[in-house]
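One structure below.
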Amino acid sequence: MSDWEVFQRDVLDVLRQYEGYFSFFERVGSLSDDSRPDCFARITRENKKEIWIIDAKNKSEVDSEDRERMLKYIDMLKSNPIDIGLEIGELSDYRFRGIFVTSNGNERLENYETVKFNSFHQFLQKELIYTDTDKVVRDLSKMIERKQLTQSQARLLFRSVKPFEQRLNQALDILEKIETDYIGLQVKKPPLSSYDFKLPVDAVVTHKDRDKAFLFDIPYSWEAVKNVDNKVEEVKKRLDKMDKQVYYAAINTFQNHESRYVLQPEEVEKEIMETAGIISPDRIADLFLPKVKTEKEYTDNGIKIRDKHGFGYRMEVRSSNDIDHAVKVVMPEKAASKMKDAMINSRKELGTINGNIFQHKVKVKQGFKVEYNGITESYDAYKDSVKSLYRKSVNPELSKKVEV
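Here the numbering used here runs 852 ahead of the position in the sequence shown, where the first position is 1.
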């Protein structure tokens, strides 16, 4: 027996296991013109009416001769539908699918499909058994909730969903960490009971003082990451009645993937900050932190910081909404004097200085601009202003004290 005959037999043996799922099935079928495809079959269901012609190829590539032969098979069935138990008038309800089963390789063909033999079982399961996967999953979920599964069935399902659970928890941990750093952010995690039918996503992030909502998918496989762009239209269709501006993205815990809708974990907070126009008290405090060891104390509406060397440096950042921030710093008198001179020379006032107490108010605006003392600038420009007017005045004085 040749290698091709062995391969053909293996393909047909797999098909025989699924014969009962076809409405019509002929193994090594014979058409009216005496041509003999390896298999042709018909599926007649309410939501799936298809005619399959299957050709086994013990090679990685499908050549032009193979494609021409497949076209002849299809034309013959269209000309003689009696071969598959149909009348001429019924043909328009059916979709014809030419399917090549190959030993390896999975090339894309314009009018036909290719399936690798080692994926053939999965292909047939998906096409013939799990034709409505969403319904299967919903039914299983209900059975789990009602405790209708056996112990072994529940254990099998639990093990199968572990990859999804691990990725989900990894991304949710990121969102929860961001949530704790902000005053007004709220992360809605699964189950998203009030969103179930509108938002097919894994987490929703909102802010109490911004009219925006962030919808996050958390792909559990690399294939799901690559298919994120295909889901965007589905998400958009379900958001018509939302009373907020809505932003959709996927948190990618796999390798980097270039897409405007896919974020790496380290990009998530930046996206929320810039889009919503918010900054956490912690991030504001970091801009004013001196280069000495400090200790932090978190409060309900901000953060308090003091140096650990007893120099008397103290700072407090207060905010009720991640938008309006008030900064108060007690600093060395020489640092305060240097800062006054820096503001005079630059003709830019960062805040007010009374004695050795510096006070500063900043507002985060839509579009991620910041406003202070009548000045509006980008966040990056604001950080440069803090560095040149504040840090360059405070750090040298504290460094002198550390050296002593």
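Glycine included, every Cβ here is placed at the ideal spot set by N, Cα and C.
The continuous stretches of beta strand (DSSP E) do not include Leu-976, which lies in the alpha helix (DSSP H) extending over residues 972 to 976. Around Arg-1019, the same chain offers Ile-1070, Pro-1071, Tyr-1072 and Thr-1105 as residues with beta carbons nearer than 8 Å, after the five sequence neighbours per side are excluded. For Asp-1069, the enclosing beta strand (DSSP E) stretches over residues 1062 to 1069. Note on Asp-907: 16 or more other CB atoms within 10 angstroms of its CB, so buried under the neighbour-count rule. Apart from the 5 residues on each side of it in sequence, Ser-1230 sits with its Cβ closer than 7 Å to the Cβ of Lys-1221 in its chain, given in chain order. In summary, Arg-861 is exposed, with fewer than 16 beta-carbon neighbours lying within 10 Å of its beta-carbon over all protein chains present. Classified as buried, Trp-904 has 16 or more neighbouring CB atoms from the shown chains inside 10 Å of its CB. Contact between Phe-969 and Ser-955 holds, with the beta-carbon distance rounding to 6 Å and staying under 8 Å. For Lys-1014, the enclosing alpha helix (DSSP H) covers residues 1003 to 1033.
Of all C-beta pairs linking the segment 983 to 992 to the segment 1074 to 1082, fewer than three are shorter than 8 Å, placing the two stretches out of contact. Between the segment 1186 to 1198 and the segment 1148 to 1157, the count of Cβ pairs shorter than 8 Å is below three; the stretches do not touch. Judged by DSSP secondary structure, Phe-892 falls outside any alpha helix (DSSP H) and instead within the beta strand (DSSP E) spanning 891 to 897.
Taking a cut-off of 8 Å for Cβ pairs, the segment 1172 to 1184 and the segment 1129 to 1149 touch, as three or more such pairs fall below it. If you draw a straight line from the Cα of Asp-890 to the Cα of Ser-1012, it comes to about 35 Å. From the listed residues Asp-927, Ser-916 and Asn-1206, the smallest Cα separation to Glu-962 is found for Ser-916. Residue state for Ile-1157 is assigned as strand, using DSSP reduced to three classes. Shortest Cα-Cα distance from Phe-876 to any of Tyr-1242, Pro-933 and Lys-909 involves Pro-933. A buried status is given to Lys-1190, since no fewer than 16 other beta-carbon atoms sit within 10 Å of its beta-carbon. In the three-state reduction of the DSSP assignment, Phe-876 falls in the strand class.
The DSSP-derived three-state label of Met-1167 is strand.
Take Leu-929, set aside five residues on each side of it, and the residues of its chain with a beta-carbon closer than 8 Å to its own are Leu-883, Phe-892, Ile-903, Ile-905, Asp-935, Ile-936 and Phe-948, in chain order. Pairing His-1109 with Phe-1068, the inter-Cα distance amounts to about 16 Å. When the five nearest sequence neighbours on each side are left out, the beta carbons in the same chain lying within less than 7 Å of the beta carbon of Ala-1137 are those of Ile-1155, Ile-1157, Met-1167 and Val-1169, in order along the chain.
Taking a contact as a CB-CB distance under 8 Å, the pair Ile-1030 and Pro-1117 does not count as one, their CB atoms being some 10 Å apart.
By the 16-neighbour rule on beta-carbons within 10 angstroms, Val-858 is exposed. Exposure of Lys-1088 is indicated by the presence of fewer than 16 other C-beta atoms within 10 angstroms of its C-beta. Counting along the chain, the unbroken alpha helix (DSSP H) around Lys-924 starts and ends at 916 to 931. Counted as a single uninterrupted DSSP element, the beta strand (DSSP E) harbouring Asn-1206 occupies residues 1204 to 1206. In this structure, Ile-926 sits near Gly-950, with a CB-CB distance shorter than 8 Å.
Counting only the Cα atoms, Leu-1241 lies some 15 Å from Asn-1208. Excluding five sequence positions before and after Val-1246, the CB atoms of its chain that fall closer than 6 Å to its own CB belong to Pro-1142, Met-1183 and Ala-1187, given in chain order.
If you compare the alpha carbons of Glu-1121, Val-866 and Lys-1148 with that of Val-953, the shortest gap goes to Val-866.
If you check the CB distance, Ala-1065 and Val-1098 come in under 8 Å. The criterion of a C-beta distance shorter than 8 Å is satisfied by Lys-901 and Asp-945. If you look at Thr-1228, you'll find it in the beta strand (DSSP E) that goes 1227 to 1230.
Excluding residues up to 5 positions away in sequence, Val-1182 and Pro-1184 lie with their Cβ nearer than 8 Å to the Cβ of Gly-1164 in the same chain.
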